[in-house]
Every structure is written in C-alpha cells, then in structure tokens.
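Add 73 to a position in the sequence shown, counting from 1, and you land on the number used in this note's numbering. No residue lacks a Cβ here, since even glycine has one placed at the ideal position from N, Cα and C. Structure, as structure tokens:
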Amino acid sequence: MSDNLQNQIEQILTGSDFSYGLLVQSGDQTLVAHNADDQFPSASLIKLGVLNAVLDQQLDLEQEVTVDPDKFVGGAGVLQLLSQTKWRLKDLLALMISVSDNAASNFVISQVGMDNIQQYL
C-alpha cells in the first residue's frame with residue numbers, strides 16, 4: 074500500500090514548481106516519505122495550530138469579537154480593508170485560514186489568549 078501511495082503522490086507532484094516535504098506514518102511504520110528530513114520555512118503554519126486550539130476548546134464560534142483598526146499590522150489579508158468592527162469568531166477563523174489574513178489571526182489570538190494557544194501546541 075505505501076509504495077502505491079508514494080507513487081500516486083509523486084505522479085501528482087511531479088513537475089511542480091515548488092518544493093515539498095511529506096511524511097505519512099501509521100504508528101511506528103513510515104508509509105510515505107519524500108524530503109521528510111528537509112527543513113522548510115513555516116510561514117503561516119501557526120494559523121493551523123490556532124484554528125485547532127480554538128476548535129478543541131469548543132469555544133462559541135458565534136461570539137462577537139471587536140476589531141480595533143488601530144491594532145492592524147501589515148501583511149496578508151482583507152480585514153484591514155473593511156470597515157466592519159464586529160465579527161463572529163468563526164468569520165475571523167475563516168479569513169485567517171482561507172486568505173491567510175494576519176489581522177484576523179491576531180484578533181483570534183487576542184480573543185483566545187496566546188497562553189491558551191501555546192499550552193495547546
């Protein structure tokens with residue numbers, strides 16, 4: 074099974090213009106490995122951890138979060154282009170993940186608490 078999976082992945086990614094590393098394990102058994110020991114810049118991977126922390130804590134995703142335009146920072150996203158100052162937590166999470174919105178990420182982290190996120194991670 075692992076050889077077949079490895080072949081399928083390589084067929085999909087052959088000729089791609091990006092580098093990638095992949096490690097798929099089941100227990101102690103490695104099923105697929107490609108550049109598994111290579112290091113890559115992590116960029117916005119922390120946002121996945123933030124999302125998981127919020128979902129695992131089973132917070133009310135409908136709760137309202139106030140967005141203060143004075144606290145916007147540079148970077149990716151659309152939140153800073155919009156005039157709305159009240160957002161549901163789930164909408165900020167959606168912006169954080171779908172368009173890698175840095176401002177949305179920061180407001181989610183402020184709402185949940187960096188200590189809670191670090192403890193989760």
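CA-CA distance, Met187 and Phe180?
Position 114 of the sequence shown, counted from the start, is the residue given in the question as residue 187. Position 107 of the sequence shown, counted from the start, is the residue given in the question as residue 180. Using only the alpha carbons, I get a separation of about 11 Å.
Per DSSP, which residues does Lys159 bridge with? Please list them.
In the sequence shown, counting from the first residue as 1, residue 159 sits at position 86. Among the bridge pairs identified by DSSP, Lys159 is matched with Thr139.
Could you check where the alpha helix (DSSP H) with Ala126 kicks off and where it finishes?
Taking the sequence shown and counting its residues from 1, the one referred to as residue 126 is at position 53. Segment Ile119 to Asp129, the alpha helix (DSSP H) holding Ala126.
Could you tell me the alpha carbon to alpha carbon distance between Asp143 and Ala109, rounded to whole angstroms?
Position 70 of the sequence shown, counted from the first residue, corresponds to residue 143. Position 36 of the sequence shown, counted from the first residue, corresponds to residue 109. CA-CA distance, Asp143 to Ala109, rounds to 42 Å.
Just to confirm before moving on: does the CB-CB distance between Leu165 and Leu152 stay below 9 Å?
One-based indexing of the sequence shown puts residue 165 at position 92. One-based indexing of the sequence shown puts residue 152 at position 79. It is a contact, given that the beta carbons lie within the stated cut-off.
Looking only at C-alpha atoms, which of His107, Leu124 and Thr87 sits nearest to Asn189?
Taking the sequence shown and counting its residues from 1, the one referred to as residue 189 is at position 116. Comparing Cα positions, the closest option is Leu124.
For Asp174, is the classification buried or exposed, using 16 other Cβ atoms within 10 angstroms of its Cβ as the cut-off for buried?
Here the question's residue 174 lines up with position 101 in the sequence shown. Its Cβ being crowded by 16 or more others within 10 Å, Asp174 is buried.
Report the rounded CA-to-CA distance for Val105 versus Glu137, giving the unit in angstroms.
Sequence index remark: in the sequence shown, residue 105 carries index 32 (1-based). Sequence index remark: in the sequence shown, residue 137 carries index 64 (1-based). Linking Val105 to Glu137 through their CA atoms gives a straight-line distance of about 42 Å.
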